[in-house]
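A.B. asks: Have a look at the structure that comes next, please.
Residue numbers (the working numbering): 458 to 541.
Structure follows, in structure tokens:
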């Protein structure tokens with residue numbers, strides 16, 4: 458007979474759910490109005506033309522169009538351009 462309860466039973470079993478961060482729509486793909494392009498913590502990517510920041514640094518589209526990524530010196534800018 459065991460004198461003590463199993464040591465790890467109370468310490469284990471807690472694991473946070475994943476937050477599903479990252480790029481949702483890649484360069485060259487179509488996006489609709491309000492479509493989420495990137496979900497991120499902090500600002501690794503920055504909004505460019507026809508995109509905007511959400512309250513949790515999510516970048517979303519303001520128009521229907523095609524997504525473009527432009528790498529500057531220290532930051533990457535995400536833009537959406539309308540197709541004619």
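For every residue, glycine included, the Cβ atom is placed at its ideal position computed from N, Cα and C.
State the Cα-Cα distance for the pair residue 536 and residue 506, rounded to the nearest angstrom.
C.D. replies: The count along the chain shown starts at 1 and reaches residue 536 at position 79. The count along the chain shown starts at 1 and reaches residue 506 at position 49. Answer to the nearest angstrom: the Cα atoms are 5 Å apart.
A.B. asks: To the nearest angstrom, report how far apart residue 500 and residue 478 are at their CA atoms.
C.D. replies: Locating residue 500 in the chain shown gives position 43, where the first residue counts as 1. Locating residue 478 in the chain shown gives position 21, where the first residue counts as 1. About 12 Å.
A.B. asks: Taking the runs of the beta strand (DSSP E) that are 3 residues or longer, which of them lie wholly in the stretch 483-528?
C.D. replies: Fully enclosed beta strand (DSSP E) runs of 3 or longer: 493-496, 502-504, 508-510, 516-518, 522-528.
A.B. asks: Mind checking whether residue 486 and residue 523 have CB atoms under 8 Å apart?
C.D. replies: Looking up residue 486 in the chain shown gives position 29. Looking up residue 523 in the chain shown gives position 66. Contact flag set, yes.
A.B. asks: Helix, strand or coil: how does DSSP classify residue 536 here?
C.D. replies: Position 79 of the chain shown holds residue 536. Here residue 536 sits in strand by DSSP.
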